[in-house]
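K.L.:
This is the structure I have questions about; it appears just below.
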Amino acid sequence: MSVRVRFAPSPTGYLHVGGARTALFNWLYARAHGGTFVLRIEDTDEARNTAAAQAAIVDGLRWLGIDWDEGPEKDGPHAPYYQSQRGAIYDAYFQKLVEAGHTYTEENGAVRFRSPKEILILPDKICGDIKIDRTAEPDMTIRRPDGSYIFHFVNVVDDIEMEITHVIRGEDHIFNTGKHIELFQAFGVDPPVYAHIPLILNVDGSKMSKRDQGAAVGYYQEQAFLPEAVSNYLCLLGWSPKDDREILTVEEILPLFRWENMGHSNAKFDLEKCRWVNAQYLAKLDTPSFDHLAIAWLLRQTEPLPGTDDPRLVGALPLIRPKIKGIPELAEHLPMLFDGNAPIAEDAQSKLAAQPDLGNRLATLLTHLEEAPTWTASDLQSAINAAAATLGIKPGALMLPLRVLTTGQTHGVDLLPALEWLGRSEALPRLRARAAALTATSA
RNA sequence: GACCCUUUCGUCUAACGGUUAGGACACGUCCCUUUCACGGAUGUAAUACGAGUUCGAUUCUCGUAGGGGUCGCCA
Numbered sequence: 001m002s003v004r005v006r007f008a009p010s011p012t013g014y015l016h017v018g019g020a021r022t023a024l025f026n027w028l029y030a031r032a033h034g035g036t037f038v039l040r041i042e043d044t045d046e047a048r049n050t051a052a053a054q055a056a057i058v059d060g061l062r063w064l065g066i067d068w069d070e071g072p073e074k075d076g077p078h079a080p081y082y083q084s085q086r087g088a089i090y091d092a093y094f095q096k097l098v099e100a101g102h103t104y105t106e107e108n109g110a111v112r113f114r115s116p117k118e119i120l121i122l123p124d125k126i127c128g129d130i131k132i133d134r135t136a137e138p139d140m141t142i143r144r145p146d147g148s149y150i151f152h153f154v155n156v157v158d159d160i161e162m163e164i165t166h167v168i169r170g171e172d173h174i175f176n177t178g179k180h181i182e183l184f185q186a187f188g189v190d191p192p193v194y195a196h197i198p199l200i201l202n203v204d205g206s207k208m209s210k211r212d213q214g215a216a217v218g219y220y221q222e223q224a225f226l227p228e229a230v231s232n233y234l235c236l237l238g239w240s241p242k243d244d245r246e247i248l249t250v251e252e253i254l255p256l257f258r259w260e261n262m263g264h265s266n267a268k269f270d271l272e273k274c275r276w277v278n279a280q281y282l283a284k285l286d287t288p289s290f291d292h293l294a295i296a297w298l299l300r301q302t303e304p305l306p307g308t309d310d311p312r313l314v315g316a317l318p319l320i321r322p323k324i325k326g327i328p329e330l331a332e333h334l335p336m337l338f339d340g341n342a343p344i345a346e347d348a349q350s351k352l353a354a355q356p357d358l359g360n361r362l363a364t365l366l367t368h369l370e371e372a373p374t375w376t377a378s379d380l381q382s383a384i385n386a387a388a389a390t391l392g393i394k395p396g397a398l399m400l401p402l403r404v405l406t407t408g409q410t411h412g413v414d415l416l417p418a419l420e421w422l423g424r425s426e427a428l429p430r431l432r433a434r435a436a437a438l439t440a441t442s443a
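According to the working numbering, the residues represented by the first sequence are 1 to 443, in order.
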């Protein structure tokens, strides 16, 4: 029997990293075993469902590279894949339970399932045998007075109908599984294989909520993370290749995606490490892809950054790229490259003020730069060297002043390539203006 | 509170019952360097506690404590 797994989100909120990892693990398990991955939308709670949430989930999964073999916009032999459209199926299964005497109706019309009240042993692929004592548990409600069905019931019915063989879900479902096993038995169907994976928590150990930074997959999309990187990092939470590798492709993960490589304890989400993983992937990206990623991010910004519409942008990106770990850091570099009127930063002012003979140095430097035969990094370096020789100082001493004249900042991209990129006609006025401002204030 | 899962550096994790308990993120120091990063080197840092089994326990067993989860006519 071939493997069939599913991810069954409820479209009541954004796609959470915990949910995304559950989806990812199911997907990996399916792909590792040549199985089928089903996406099923559990939208039985009409009051809480939103179209936006469903779009975010579908979009987030696709972004992460998690594709489904059966599900929304794809269909398949067990369509529809929205629980809201499967009422007739639930009615039929409900009748079976009624006829077999497994149910009773409350005064208000709600229907409960008569639990056998036994002690169950749940053979879990990750936790081992889990004892679940159902003897003192109240009977679960499976249908509301208005005729709509409860999660436990529809979840099991669909898993039966869709021939799900393995259920991989969070540990928070362990006790639900006890209820679900009872339903499977009432239907005379063998329950699927269960694997309850540990949860993902905040760094402080609390449960991740929507408000926490990085809790929603949408955050990584907005911040222009690479989906492969996020997926890679998610895999490292609750799974390990059992060696020292941390950057792994899906192809490398698949043969190692086995129960014995799964972790047993909850993991705290470390956004810093996720950023580091992303930086590893970013560094390996080819230039066109990097540029595309960067430009797409720039165009998404509600407050346009300097350079966004500038034809020189593509020329500036290779200067910035080696300096940043994430695309949003463009916001720190673009203003100093594209905004020639940007004020001189305070720390730059004070650092230069400490330099002796500043006015003379700047003037000498400018004179030599103006005389550079071509505005290229090598000629500019020669000009700097000559200026330094005239002043009787080391060339290095002129670099910080020149940097400040160029960008107004004490840090940034490699200076000479940046000047070359700016071009003589753009650079010189900038240098002169800032030099004038500096000498005016220091005098 | 009851029940269930769980426990190795701050974090993610390795370690046939025998290792100087390894790697990575973060942090510190040094090197490289015109700045910032990158890179290289290096340092600080962990087996929750108590019993038991064993020649020997991070590893197996039990207990305690901590963390998390679940106790819905939510999913």
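Don't be surprised by glycine CBs; every beta carbon is placed ideally from N, CA and C.
Quantities reported herein were computed from a predicted structural model and do not represent experimental measurements.
Along the alpha helix (DSSP H) that carries GLY170, what are the first and last residues, could you check?
P.N.:
What you label residue 170 is simply residue 170 of the first sequence in a count that begins at 1. Careful: GLY170 lies outside any alpha helix (DSSP H), inside the beta strand (DSSP E) at 166-170.
K.L.:
Give me the residue from GLY19, GLN85, ILE200, THR376 with the minimum Cα distance to THR44.
P.N.:
Residue numbering aside, residue 44 sits at position 44 when the first sequence is read from its first letter. The residue with the shortest Cα to Cα distance from THR44 is GLN85.
K.L.:
Please report the Cβ distance between THR406 and ALA372, rounded to the nearest whole angstrom; I am assuming they are in contact, meaning their Cβ atoms lie under 8 angstroms.
P.N.:
Here residue 406 refers to the residue found at position 406 of the first sequence. Here residue 372 refers to the residue found at position 372 of the first sequence. Contact doesn't hold; Cβ gap of about 14 angstroms is too wide.
K.L.:
Pick helix, strand or coil for HIS196, following the three-state DSSP scheme.
P.N.:
Start at 1 with the first residue of the first sequence, and residue 196 comes out as number 196. Here HIS196 sits in strand by DSSP.
K.L.:
Alpha carbon to alpha carbon, how far is GLN54 from THR410?
P.N.:
Taking the first sequence and counting its residues from 1, one reaches residue 54 at position 54. Taking the first sequence and counting its residues from 1, one reaches residue 410 at position 410. Straight-line Cα distance between these residues: approximately 47 angstroms.
K.L.:
Looking only at DSSP bridge pairs, what is MET262 linked to?
P.N.:
Sequence index remark: in the first sequence, residue 262 carries index 262 (1-based). Per DSSP, TRP239.
K.L.:
Going by beta-carbon coordinates alone, are SER200 and GLY18 separated by less than 8 angstroms?
P.N.:
For this step, residue 200 is matched to residue 200 along the first sequence. For this step, residue 18 is matched to residue 18 along the first sequence. Checking the displayed sequence, the identity of residue 200 turns out to be Ile instead of Ser. The answer is yes: Cβ separation under 8 angstroms.
K.L.:
Suppose you measure from the CA of THR49 to the CA of GLY13; what does that come to, to the nearest Å?
P.N.:
Counting from one through the first sequence, the residue named residue 49 turns up at place 49. Counting from one through the first sequence, the residue named residue 13 turns up at place 13. Sequence inspection shows Asn at residue 49; the Thr mentioned does not correspond to that position. Cα-Cα distance, rounded: 8 angstroms.
K.L.:
So what's PRO72 in DSSP terms, helix, strand or just coil?
P.N.:
On the first sequence, position 72 is the one that residue 72 refers to. Coil.
K.L.:
Do the CB positions of VAL38 and TRP68 come within less than 8 angstroms of each other?
P.N.:
As a working mapping, residue 38 is identified with position 38 in the first sequence. As a working mapping, residue 68 is identified with position 68 in the first sequence. Contact flag set, yes.
K.L.:
If you compare alpha carbons, which of TYR149, SER350, LEU319 is closest to PHE338?
P.N.:
Taking the first sequence and counting its residues from 1, one reaches residue 338 at position 338. Among TYR149, SER350, LEU319, the Cα nearest to that of PHE338 is on LEU319.
K.L.:
Could you round the C-beta distance between LEU254 and ARG31 to whole angstroms and report it? I think they count as a contact, below 8 angstroms.
P.N.:
Translated into positions along the first sequence, residue 254 becomes position 254. Translated into positions along the first sequence, residue 31 becomes position 31. That pair is a contact at about 6 angstroms.
K.L.:
Whose CA, out of GLY87, HIS102, LEU237, lies closest to the CA of VAL277?
P.N.:
Translated into positions along the first sequence, residue 277 becomes position 277. When each option's Cα is compared against that of VAL277, the closest is LEU237.
K.L.:
Give every residue of the same chain whose Cβ lies closer than 7 angstroms to the Cβ of GLY307, excluding the five residues on either side of it in the sequence, and list them in chain order.
P.N.:
For the purposes of this step, residue 307 is taken as the residue at position 307 of the first sequence. Here the set comprises LEU313, ALA316, LEU334, LEU337, PHE338.
K.L.:
Could you give the first and the last residue of the continuous alpha helix (DSSP H) run that contains ARG300?
P.N.:
Mapped onto the first sequence, residue 300 falls at position 300. Its alpha helix (DSSP H) spans residues 287-300.
K.L.:
Short of 6 angstroms in beta carbon distance, which residues of its chain neighbour ALA443, apart from the five on each side in sequence? Order them along the chain.
P.N.:
For the purposes of this step, residue 443 is identified with residue 443 of the first sequence, where counting begins at 1. With a pLDDT of 48 at ALA443, under the threshold of 50, the modelled position of this residue cannot be trusted, and the question is left open.
K.L.:
Can you tell me whether GLY128 is helix, strand or coil according to DSSP?
P.N.:
Your numbering for residue 128 matches position 128 in the first sequence. Looking at GLY128 - three-state DSSP - the assignment turns out to be strand.
K.L.:
Taking the beta strand (DSSP E) that ARG112 falls in, what are its first and last residues?
P.N.:
Counted from its first residue, the first sequence places residue 112 at position 112. Note, ARG112: beta strand (DSSP E), 111-113.
K.L.:
Have a look at GLU46 and GLN83 and give me their C-alpha separation to the nearest angstrom.
P.N.:
If you number the first sequence from 1, residue 46 lands on position 46. If you number the first sequence from 1, residue 83 lands on position 83. So the alpha carbons of these two residues sit roughly 11 angstroms apart.
K.L.:
Any contact between the segment 220-237 and the segment 270-286? By contact I mean 3 or more CB pairs, one from each, below 8 angstroms.
P.N.:
Taking 8 angstroms as the limit for Cβ pairs, the verdict is that the segment 270-286 does touch the segment 220-237.
K.L.:
Give the C-beta separation of LEU398 and ARG361 to the nearest angstrom, bearing in mind that I take them to be a contact with Cβ-Cβ under 8 angstroms.
P.N.:
As a first step, residue 398 is located in the first sequence; it is residue number 398 there, counting from the start. As a first step, residue 361 is located in the first sequence; it is residue number 361 there, counting from the start. About 7 angstroms; that satisfies the 8 angstroms criterion.
K.L.:
Could you check whether TRP239 and ASN261 sit closer than 8 angstroms to each other, using their CB atoms as the reference points?
P.N.:
Along the first sequence, one-based indexing puts residue 261 at 261. Along the first sequence, one-based indexing puts residue 239 at 239. Cβ distance < 8 angstroms, so ASN261 and TRP239 count as in contact.
K.L.:
So the beta strand (DSSP E) VAL38 belongs to, where does it begin and stop?
P.N.:
Position 38 of the first sequence, counting from 1, holds the residue named residue 38. From DSSP, the beta strand (DSSP E) with VAL38 extends over 36-39.
K.L.:
Taking buried to mean at least 16 other C-beta atoms within 10 Å of its own C-beta, is GLU420 buried or exposed?
P.N.:
Start at 1 with the first residue of the first sequence, and residue 420 comes out as number 420. By the 10 Å Cβ count, GLU420 comes out buried.
K.L.:
Going by the beta-carbon positions, is the gap between PHE94 and ARG143 smaller than 8 angstroms?
P.N.:
On the first sequence, residue 94 is found 94 positions in, with the first residue counted as 1. On the first sequence, residue 143 is found 143 positions in, with the first residue counted as 1. Closer than 8 angstroms, so yes.
K.L.:
Pick from ARG245, PHE153, ILE132: whose alpha carbon is nearest that of LYS96?
P.N.:
One-based indexing of the first sequence puts residue 96 at position 96. Nearest C-alpha to LYS96: PHE153.
K.L.:
Just to confirm, is the Cβ distance from LEU422 to ARG403 under 8 angstroms?
P.N.:
Against the first sequence, residue 422 aligns to sequence position 422. Against the first sequence, residue 403 aligns to sequence position 403. Their beta carbons are not under 8 angstroms apart, which means LEU422 does not touch ARG403 by this criterion.
K.L.:
When you compare each of ALA294, PRO138, LEU183, LEU248 to GLY101 by their alpha carbons, which one comes out closest?
P.N.:
For the purposes of this step, residue 101 is taken as residue 101 along the first sequence, with counting starting at 1. Closest by alpha carbon: LEU183.
K.L.:
For the candidate residues ARG211, GLY392, SER10, whose alpha-carbon lies nearest to that of ALA56?
P.N.:
Taking the first sequence and counting its residues from 1, one reaches residue 56 at position 56. Considering only alpha carbons, the answer is SER10.
K.L.:
What is the DSSP secondary structure of ILE121, counted as helix, strand or coil?
P.N.:
Stepping through the first sequence from its first residue, residue 121 is reached at position 121. In the structure shown, ILE121 sits in a strand (DSSP, three-state: E or B).
K.L.:
So what's LEU201 in DSSP terms, helix, strand or just coil?
P.N.:
By 1-based counting over the first sequence, the position of residue 201 is 201. If DSSP states are grouped into helix, strand and coil, LEU201 belongs with the strands.
K.L.:
Any chance the segment 206-222 sits against the segment 157-164, with 3 or more Cβ pairs inside 8 angstroms?
P.N.:
Flag = no, the segment 206-222 and the segment 157-164 do not touch.
K.L.:
Pick helix, strand or coil for VAL5, following the three-state DSSP scheme.
P.N.:
The residue labelled residue 5 in the question sits at position 5 within the first sequence. Note: VAL5 maps to strand in three-state DSSP.
K.L.:
Just how far apart, CA to CA, sit GLY128 and LEU122?
P.N.:
Mapped onto the first sequence, residue 128 falls at position 128. Mapped onto the first sequence, residue 122 falls at position 122. C-alpha separation (whole angstroms): 8 angstroms.
K.L.:
Go ahead and pull the three-state DSSP assignment for THR376.
P.N.:
Position 376 of the first sequence, counting from 1, holds the residue named residue 376. In the structure shown, THR376 sits in coil (DSSP, three-state: anything other than H, G, I, E or B).
K.L.:
In whole angstroms, what separates the C-alpha of ALA388 from that of ALA342?
P.N.:
Position 388 of the first sequence holds residue 388. Position 342 of the first sequence holds residue 342. Those two C-alpha atoms are separated by around 27 angstroms.
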